[in-house]
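**Q** Here the numbering used here is used: position 346 in the sequence shown is 353, and no number is missing along the way. Here a beta-carbon is modelled for each residue, glycine too, at the ideal position from N, C-alpha and C.
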Amino acid sequence: MECLNRLRPLFLTPRPLLPFHFTQHCLCSRSENVNRPQSKRATLDTFKTQLSSGPTFQDFVKGIDVNKTLLVPEEDHGPHAYLSEDLDMGNDRKVCFETYGCQMNVNDTEIAWSVLQKKGYQRTNDPNEADVVLLVTCSIREKAEQTIWNRLQQLTAMKRKRLKNRTPMKIGILGCMAERLKTELLEREKLVDVLAGPDAYRDLPRLLTLADSGRQVSNVLLSLEETYADVMPVHRGPQGYSAFVSIMRGCDNMCSYCIVPFTRGRERSRPLSSILDEVRLLSDQGVKEVTLLGQNVNSYRDTSEEQHRGPDPTQLSRGFRTLYRSKQGGLRFADLLDQVSHIDADMRIRFTSPHPKDFPDEVLQLIAERGNICKQIHLPAQSGSSQVLKAMRRGYTREAYLDLVDNIKRIVPGVSLSSDFIAGFCGENEEDHLQTLSLIREVCYNVGFLFAYSMRKKTHASHALQDDVPGEVKQRRLEELISAFREEAAKVNSALVGTTQLVLVEGASKRSAQDLCGRSDGNVKVIFPREGRDSSLDSGMAEAKAGDYILVKITSANSQSLRGRALSLGSLSDQPVLRDNLIGQLDTEASRTLV
Numbered sequence: 008m009e010c011l012n013r014l015r016p017l018f019l020t021p022r023p024l025l026p027f028h029f030t031q032h033c034l035c036s037r038s039e040n041v042n043r044p045q046s047k048r049a050t051l052d053t054f055k056t057q058l059s060s061g062p063t064f065q066d067f068v069k070g071i072d073v074n075k076t077l078l079v080p081e082e083d084h085g086p087h088a089y090l091s092e093d094l095d096m097g098n099d100r101k102v103c104f105e106t107y108g109c110q111m112n113v114n115d116t117e118i119a120w121s122v123l124q125k126k127g128y129q130r131t132n133d134p135n136e137a138d139v140v141l142l143v144t145c146s147i148r149e150k151a152e153q154t155i156w157n158r159l160q161q162l163t164a165m166k167r168k169r170l171k172n173r174t175p176m177k178i179g180i181l182g183c184m185a186e187r188l189k190t191e192l193l194e195r196e197k198l199v200d201v202l203a204g205p206d207a208y209r210d211l212p213r214l215l216t217l218a219d220s221g222r223q224v225s226n227v228l229l230s231l232e233e234t235y236a237d238v239m240p241v242h243r244g245p246q247g248y249s250a251f252v253s254i255m256r257g258c259d260n261m262c263s264y265c266i267v268p269f270t271r272g273r274e275r276s277r278p279l280s281s282i283l284d285e286v287r288l289l290s291d292q293g294v295k296e297v298t299l300l301g302q303n304v305n306s307y308r309d310t311s312e313e314q315h316r317g318p319d320p321t322q323l324s325r326g327f328r329t330l331y332r333s334k335q336g337g338l339r340f341a342d343l344l345d346q347v348s349h350i351d352a353d354m355r356i357r358f359t360s361p362h363p364k365d366f367p368d369e370v371l372q373l374i375a376e377r378g379n380i381c382k383q384i385h386l387p388a389q390s391g392s393s394q395v396l397k398a399m400r401r402g403y404t405r406e407a408y409l410d411l412v413d414n415i416k417r418i419v420p421g422v423s424l425s426s427d428f429i430a431g432f433c434g435e436n437e438e439d440h441l442q443t444l445s446l447i448r449e450v451c452y453n454v455g456f457l458f459a460y461s462m463r464k465k466t467h468a469s470h471a472l473q474d475d476v477p478g479e480v481k482q483r484r485l486e487e488l489i490s491a492f493r494e495e496a497a498k499v500n501s502a503l504v505g506t507t508q509l510v511l512v513e514g515a516s517k518r519s520a521q522d523l524c525g526r527s528d529g530n531v532k533v534i535f536p537r538e539g540r541d542s543s544l545d546s547g548m549a550e551a552k553a554g555d556y557i558l559v560k561i562t563s564a565n566s567q568s569l570r571g572r573a574l575s576l577g578s579l580s581d582q583p584v585l586r587d588n589l590i591g592q593l594d595t596e597a598s599r600t601l602v
């Protein structure tokens with residue numbers, strides 16, 4: 008407006024102009040046409056003369072300081088300047104979260120709730136009384152997605168009934184499924200009001216505000232930087248004894264069957280300092296077990312500080328390779344694990360889900376040395392066939408995987424191993440399947456996650472491979488893998504009968520209120536009676552409760568759990584002695600087997 012006020016005199020003050028005449032030529036005769044070029048030149052010269060005597064650019068900027076910067080009001084710099092500051096507040100509206108899938112989704116729920124809680128939302132576990140229902144979703148397998156579609160139908164029916172007498176319910180999809188199926192979710196029967204991808208949880212208050220106007224809204228943009236390092240999750244573990252801490256997001260491995268790089272984006276790691284702060288807070292709150300989370304958790308690499316950006320390349324497990332170039336510099340997973348383990352000597356440290364390629368000896372030695380780092384390693388194999396592993400783009404062979412298993416068992420004696428397997432991947436034949444069965448029997452896992460292959464759109468397999476194994480064959484192979492796994496797990500667990508395990512109590516057993524349930528250092532479920540402990544060992548021990556460490560004598564076992572009786576209260580300081588005794592017993596059992 009200031010500029011216009013200064014320019015107004017220019018337009019109001021008359022300025023002398025040379026007369027301008029426009030001559031129209033008629034094309035009636037040859038003689039007139041001959042003279043036309045000369046007339047056009049004269050007209051052009053006259054027009055140029057008039058322009059030269061008219062106002063110049065300087066006339067338009069006269070009186071204005073060209074060095075002066077026009078400032079935008081500070082309030083316009085906000086992320087959503089078109090919304091008032093209080094418009095995206097929750098105003099005590101109730102939100103219900105339903106979480107599906109992996110532990111990362113549990114952590115995502117805690118992050119999303121932290122964002123909404125700060126905006127004044129209240130939380131409920133009952134969707135019938137919720138104003139907003141948010142489903143935190145998984146896209147790893149088709150079955151997981153179908154579960155969400157079914158649930159959306161149920162919630163929509165609930166929403167339609169409510170329209171008559173209450174404020175309409177808003178339904179939102181968060182996480183991987185929101186990113187992968189954005190168009191279908193918004194268009195299919197209008198089941199969803201809000202979509203937020205894994206990197207858009209900060210935007211939830213705005214999205215919910217816009218949804219109140221009756222619009223469908225979404226933000227599924229992936230980020231190369233978002234780690235939510237400055238968002239303190241609101242942890243809601245059972246009785247508060249355990250918690251998940253996300254240390255990195257995304258994945259760069261690009262396995263041919265996996266949708267994660269396309270729904271979660273590229274790898275990026277949280278600054279180590281923010282992770283340590285969160286673990287310290289959890290320790291102060293009395294949490295007894297922390298699980299470090301990431302899609303490829305042991306590829307953690309913090310490059311947030313300049314002094315850590317050196318030229319040293321990432322060290323991989325021997326015989327393993329990657330599809331991407333070797334990464335350089337940064338604080339690695341061993342550095343993180345070392346510092347986290349020093350925060351609280353009486354807090355268990357676990358981590359999931361790792362990739363076998365990222366287990367250099369320094370990580371294994373640290374696990375062996377620290378009493379509060381659980382001697383349990385998840386080692387996803389996916390297949391026992393080198394041919395299938397190549398098609399999966401896993402970066403290793405069967406032989407390299409078995410060499411890693413031997414190295415782990417050598418450095419971490421008595422270690423418990425778990426794994427993932429896929430039955431019926433593209434091109435898998437019967438010989439490949441038999442090799443997977445033999446790998447399960449050779450390694451001897453005590454926990455496993457086994458699934459039939461489900462092709463996902465956007466993956467390398469969907470573009471380059473054929474899903475050529477019939478469904479009934481996949482199912483039969485899966486059942487055979489499960490049977491082999493249970494046989495070997497039963498043997499591994501039976502070897503623990505007679506040993507004493509340090510158990511972190513989770514609460515009452517699901518099958519009987521008379522029993523308590525917890526997990527051993529090896530992440531095996533342990534069930535024992537509330538009563539019936541050996542009182543001669545600890546007559547003053549009160550009844551165990553969630554969050555207690557209890558020494559339990561194992562009396563029986565099956566493929567999925569151990570049973571025993573409580574001896575006394577314990578602590579992680581007991582773990583080294585128990586491990587030495589366990590190793591001795593396992594060596595004795597192995598000697599008897601050889602004889």
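In this structure, does DSSP put valine 419 in helix, strand or coil?
**A** Three-state DSSP puts valine 419 in coil, outside helix and strand.
**Q** Does DSSP put glutamate 524 in a helix, in a strand, or in coil?
**A** The question names glutamate, but residue 524 in the sequence shown is cysteine. Strand at cysteine 524.
**Q** Apart from the five residues just before and just after asparagine 112, which ones in its own chain have a Cβ nearer than 7 Å to its Cβ?
**A** Thr106, Val143, Cys145 and Gly182
**Q** Please work out which residues of its chain come closer than 7 Å, Cβ to Cβ, to glycine 127, disregarding the five sequence neighbours upstream and downstream, and give them in chain order.
**A** Apart from sequence neighbours up to five positions away, the residues of its chain that approach glycine 127 with a beta-carbon distance below 7 Å are Met96, Gly97, Asn98 and Asp99, ordered along the chain.
**Q** Express the C-alpha separation of proline 477 and alanine 496 in angstroms, rounding to a whole number.
**A** 28 Å
**Q** Is the region 500-511 close to the region 553-561, with three or more CB pairs under 8 Å?
**A** yes
**Q** Could you check whether the Cβ of glutamine 582 sits closer than 8 Å to any Cβ belonging to chain D?
**A** No chain D is part of this structure, which consists of one protein chain only.
**Q** Report the start-end ranges of each alpha helix (DSSP H) in the region 145-177 that is 4 residues or longer and not cut off at the edges.
**A** Runs of the alpha helix (DSSP H) spanning 4 or more residues and lying entirely within the region 145-177 occur at 149-169, in chain order.
**Q** Alpha carbon to alpha carbon, how far is leucine 300 from glutamine 110? Give it in angstroms, no decimals.
**A** 7 Å
**Q** With DSSP collapsed to three states, give me the class of glutamate 513.
**A** strand
**Q** Tell whether a beta-carbon distance below 8 Å holds between leucine 488 and cysteine 433.
**A** no
**Q** If we count the other Cβ atoms within 10 Å of its Cβ and call it buried at 16 or more, is serine 543 buried or exposed?
**A** Low confidence applies here, because serine 543 scores a pLDDT of 43, under 50, leaving its location unreliable; read the following figure in that light. Flag for serine 543 reads exposed.
**Q** Would you kindly check if the distance between the Cβ of alanine 551 and the Cβ of leucine 523 is under 8 Å?
**A** In this structure, alanine 551 lies closer than 8 Å to leucine 523 by Cβ.
**Q** Locate the beta strand (DSSP E) running through valine 267, then write down its first and last residues.
**A** Per DSSP, valine 267 belongs to no beta strand (DSSP E); it is in the alpha helix (DSSP H), 267-270.
**Q** On a CA-only basis, which of Gly179, Arg130, Leu411 and Arg148 is nearest glutamine 160? Give me that one, please.
**A** Gly179
**Q** For leucine 338, which residues in the same chain have their Cβ closer than 6 Å to its Cβ, ignoring the five residues on either side in sequence?
**A** Annotation for leucine 338: Leu279, Asp309 and His315 place their beta carbon closer than 6 Å to its own, counting only its chain and skipping 5 residues before and after.
**Q** For glutamine 582, which residues from the same chain have a beta carbon less than 6 Å from its beta carbon, with the 5 sequence-adjacent residues on both sides left out?
**A** Gly378 and Leu509
**Q** Please check the pair glycine 293 and arginine 275, which I expect to be a contact at CB under 8 Å, by giving their CB distance rounded to whole angstroms.
**A** Contact flag wrong, Cβ pair sits at about 31 Å.
**Q** From aspartate 319 to arginine 401, what distance separates their C-alpha atoms?
**A** If you take the alpha carbons of aspartate 319 and arginine 401, they lie about 24 Å apart.
**Q** What did DSSP end up calling methionine 354 once you bin it into helix, strand or coil?
**A** In this structure, methionine 354 counts as coil in the three-state DSSP scheme.
**Q** Strictly by DSSP, which residues pair up with phenylalanine 366?
**A** Paired residues: none, contrary to the question.
**Q** Note down, in chain order, each residue of its chain lying with its Cβ closer than 6 Å to the Cβ of valine 79, except the 5 sequence neighbours on either side.
**A** Only weak support exists for where valine 79 lies, its pLDDT of 38 falling under 50; the coordinates are left without a value.
**Q** May I have the straight-line CA-CA distance separating alanine 203 from asparagine 226, to the nearest angstrom?
**A** Put simply, the backbone Cα of alanine 203 is about 5 Å away from that of asparagine 226.
**Q** To the nearest angstrom, how far is it from the Cα of proline 175 to the Cα of asparagine 132?
**A** 18 Å
**Q** Run the CB neighbour count on asparagine 157, radius 10 Å, all protein chains shown included, and call it buried at 16 or more, exposed below.
**A** exposed
**Q** For asparagine 226, report the span of its beta strand (DSSP E) as first-last.
**A** 224-226
**Q** Would you tell me roughly how many angstroms separate the C-alpha atoms of valine 480 and serine 490, rounded to the nearest one?
**A** 15 Å
**Q** Going residue by residue through the region 419-469, where are the continuous beta strand (DSSP E) segments of at least 3 residues, counting only ones entirely within it?
**A** The region 419-469 contains these whole beta strand (DSSP E) runs: 423-430 and 454-459.
**Q** Let's test the definition: count the other Cβ atoms within 10 Å of the Cβ of glycine 505 and tell me whether it reaches 16, buried, or not, exposed.
**A** exposed
**Q** Are the CB atoms of glutamine 442 and alanine 459 nearer to each other than 8 Å?
**A** no
**Q** Quick one: is arginine 526 buried, meaning 16 or more other Cβ sit within 10 Å of its Cβ, or exposed?
**A** By the neighbour-count rule (16 or more Cβ atoms within 10 Å), arginine 526 is buried.
**Q** Under a Cβ-count criterion, where at least 16 other Cβ atoms within 10 Å of its own Cβ denotes burial, should asparagine 305 be classed as buried or exposed?
**A** buried
**Q** By the 10 Å Cβ neighbour count, where 16 or more other Cβ atoms means buried, how is serine 348 classified, buried or exposed?
**A** By the neighbour-count criterion, in which 16 or more other beta carbons inside 10 Å mark a residue as buried, serine 348 falls on the buried side.
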